[in-house]
Amino acid sequence: MNVKHILLLLLCIGRFAIAADTLPDAPAEVPADATADIPLAPPSSAAQKLYSAAKNDLLQIRVLLKSGRTQASVGSGFLIGSSDLVVTNYHVMSQIALEPDVYVGEFVDTNGQRGDVELLAVDVLHDLAVVRVSRKGTGFFKVPEQVSKLFSLAQGQYLYSLGNPLDLGFAISEGSYNGIIGRAFYDQFMFTGPINSGMSGGPNVTAEGRIAGVNVSKRLDGELVSFFLVPARFVVELLNKVAAQQSQKKKIDKDFNAEVGQQLIAHQSVMVNKLLETPLSVKALGPYRVPVRESEQMRCWGRSNAKPDAPFEVDQMNCQMESAIYVSGQLQTGNIAIRHTFTRSKNLDTLRFSHLISNSFKSQVTGGNKDVRLSAASCTEEFVKNQSLSMRAVLCVRAYRKFSGLYDVTLFTASTDQSRMSLQSRIDARGVSYENGMRLSRLFLNSIATTTGTKP
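All residue numbers for the sequence shown refer to the numbering used here, where the first residue is 2 and numbers rise by one.
Okay, structure coming up:
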C-alpha cells in the first residue's frame with residue numbers, strides 16, 4: 002500500500018481503534034507566576050524617582066475563586082492614560098478567560114483601593130489582556146494610538162520593570178534592552194533585569210516613563226521559567242481593538258474560549274507555513290536518511306548509548322520547537338517535535354531483537370495520559386511503503402474539546418526492512434488543523450528513506 006492510500010485510510014479515524022494516549026503528560030496546574038525568584042537589588046535614585054511618579058497607576062491583579070474568593074493567582078497591571086483600561090498579561094487572566102463561571106478578578110492599587118475587573122480582550126499569541134476597572138489613571142502611562150508613533154529602543158538602553166513581586170508590595174527592577182529573542186514566532190524583547198513572581202503584566206518603561214513593553218514571567222512546564230518583554234506595539238494593537246469594540250458598542254462575551262481557539266488556529270497556520278517554507282533537511286542515521294528541521298524556531302540535538310557491553314546500540318535525533326503558546330497552567334500548545342531512533346543489534350538474536358523493537362514501538366503508541374481537555378486518541382495502523390522504504394505506520398489524532406478545529410496529531414513509523422536494525426520515527430504536531438496535521442504526516446512519511454547507494 003502506498004503513502005497516498007494510507008493517508009486516505011487514515012482519514013477514517015477510528016476504523017482500527019487503539020486505546021492510545023500518545024502525548025507526554027501535561028504539567029500540573031501551577032499559578033500564573035509560580036517562578037523561581039531572583040532577589041531585587043535596592044533601587045537607584047533614578048528608579049525611586051520613577052516609581053514615585055508611576056505608582057498611582059500600578060495595580061495588582063488578583064484572580065479569585067468565586068466560591069470563597071480565595072486567591073488562585075496574582076499578577077500586575079497598569080492603567081492607560083486617564084482611562085479606566087488596564088493592560089496585563091493573558092496568562093494572568095487565563096483562568097477568568099477560560100472559566101468565567103469559576104473565577105473572578107480583583108484589582109488592588111498602591112493605596113489599598115480594591116475593585117472588580119472586567120475582561121475586555123485577550124491576545125494569546127502575545128500574552129496580553131485588557132481589563133476595565135472602577136477607577137481611572139492619572140495619565141502617567143501613555144500609549145500612542147498608532148504603532149508608527151512608538152519610539153525605537155537602542156541596544157543596551159536602560160529600562161525599568163515595575164510590578165508586584167512575590168505578592169509583597171510594589172517594586173521596580175532595573176536592567177537594559179538586549180535585542181529581540183530569535184527563537185520565538187513573535188517578537189519578544191530580552192531584558193537583563195529580573196522579572197519576578199507577580200510582576201507579570203506590569204509595565205517596562207524608559208527613565209522618562211515611556212512604555213517599552215510589558216513584563217512576562219511564567220512557568221511553561223515543571224522546570225522551565227521564561228521571562229521577557231512583550232513589545233509595546235502589540236499593546237497598541239490590542240487597545241485599538243478594544244476601542245473599536247467600544248465604538249461599535251459590541252457586547253463582550255465573558256467566555257473567551259471561542260476567541261482563544263480562533264487565535265490558536267491563526268497561530269498554527271503561521272507555524273506550519275514557517276516550518277515548511279523550505280524543504281526539510283535530511284540527516285543520515287545509520288543506513289537511513291531522516292527528515293529534520295533546524296531553524297531559529299526549532300533546535301535539534303542527538304545522543305547515543307554507545308556502551309561497549311550493551312547488547313544493542315541506540316542513536317537518537319530530536320528536534321523541538323522552543324516556543325509554545327500558553328493557554329492555561331495545564332496547557333501549552335502550538336508546537337512541533339520530531340524524533341528518530343535507530344537501534345542496531347550487537348549480540349541479540351533476531352527473535353530477541355524483534356521483541357525489543359516491538360515493545361519499544363508499542364510503548365510509544367499506547368503510552369500517554371487521559372487528558373480531559375482532549376478527546377480520546379483515535380488511531381489507525383497500516384503497513385506502507387514510500388519510494389524507498391517499507392514501514393509500519395500509526396497515525397493518532399485527538400481533538401481539543403473547547404477549541405473547535407484544533408487537534409494534536411502524532412505519526413509513528415517503524416522500518417520493516419531489516420531483522421537486526423530498526424528505525425523508529427515520530428512527529429508530534431500539537432494544536433494544528435486537521436488539514437495541516439495530514440500535510441505534515443504526508444511530508445514526514447515521504448521523507449524517510451534509506452541512504453542512497455547503501456543497502457541497510
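Idealized CB from N, CA, C, for every residue including glycine.
Going by C-alpha positions, D256 is about 19 Å away from Q333. As computed with DSSP, E314 is found in a beta bridge with R345. Taking all protein chains in view, the Cβ of G113 is surrounded by fewer than 16 other Cβ atoms within 10 Å, so the residue is classified as exposed.
In the assembly as shown, T344 is a buried residue. Its beta-carbon has 16 or more other beta-carbons within 10 Å.
Remark: C-beta atoms of N197 and P232 do not approach each other more closely than 8 Å. Taking the Cα positions, L230 is about 19 Å away from Q147.
Exclusion of the five residues before and after T193 leaves G176, S177 and N179 as the residues of its chain whose Cβ lies within less than 7 Å of its Cβ.
The distance from the Cβ of S324 to that of F186 is about 6 Å, consistent with a contact at the 8 Å cut-off. With a cutoff of 8 Å on beta-carbon distance, V131 and L60 are scored as not near each other. In the structure shown, the three-state DSSP call for M272 is helix. The beta carbons of G202 and G78 sit closer together than 8 Å. In this structure, Q269 lies near G432, with their beta-carbon atoms less than 8 Å apart.
Between the stretch 369-382 and the stretch 347-358, the count of C-beta pairs closer than 8 Å stays below three; the two stretches do not touch.
When rounded, the separation of the alpha-carbon atoms in Q246 and S84 is 15 Å.
With contacts defined as CB atoms closer than 8 Å, P204 and L240 fail to qualify as a contacting pair. Judged by DSSP secondary structure, R133 falls within the beta strand (DSSP E) whose first and last residues are L129 to V134. For A285, the closest alpha carbon among the candidates I62, S448, R63 and M272 is that of S448. Contact between D128 and Y91 holds, since their C-beta atoms are separated by about 5 Å, short of 8 Å. Taking C-beta separations shorter than 7 Å and ignoring five residues to either side along the sequence, the partners of Y435 in its chain run Y408, following chain order. Per DSSP, the unbroken alpha helix (DSSP H) holding L51 starts and ends at S46 to A55. The alpha carbon of S74 has as its nearest neighbour, out of I62, E119, L160 and K250, the alpha carbon of I62.
Within the stretch 56-142, the beta strand (DSSP E) runs of at least 3 residues that lie entirely inside it are, in chain order, 59-66, 72-80, 86-89, 104-110, 115-124 and 129-134. If you check the CB distance, G138 and G82 come in under 8 Å. Around the C-beta of T342, 16 or more other C-beta atoms lie within 10 Å, and the residue is accordingly described as buried. Taken in chain order, the unbroken stretches of beta strand (DSSP E) that lie wholly in the stretch 152-218 and span 3 residues or more are 159-164, 172-181, 190-192 and 204-206.
Under the 10 Å beta carbon count, S149 is surrounded by fewer than 16 other beta carbons and is classified as exposed. Rounded to whole angstroms, the separation of the alpha carbons of G199 and H356 is 52 Å. Under a 10 Å Cβ-count criterion, F152 is classified as exposed, with fewer than 16 other Cβ atoms of the shown protein chains found around its own Cβ. For Y408, the enclosing beta strand (DSSP E) has its first and last residue at Y408 to S416. Here L424 carries a strand assignment [DSSP, helix/strand/coil].
Straight across, the Cα-Cα distance linking S423 with P195 is about 47 Å.
DSSP places R340 within a strand segment (E or B) once states are collapsed to three.
Residue pairing by DSSP puts M322 in a beta bridge opposite M299.
In the DSSP assignment, R402 falls outside any beta strand (DSSP E) and carries neither an H nor an E.
Rounded to whole angstroms, the gap between the alpha carbons of T207 and V144 is 13 Å.
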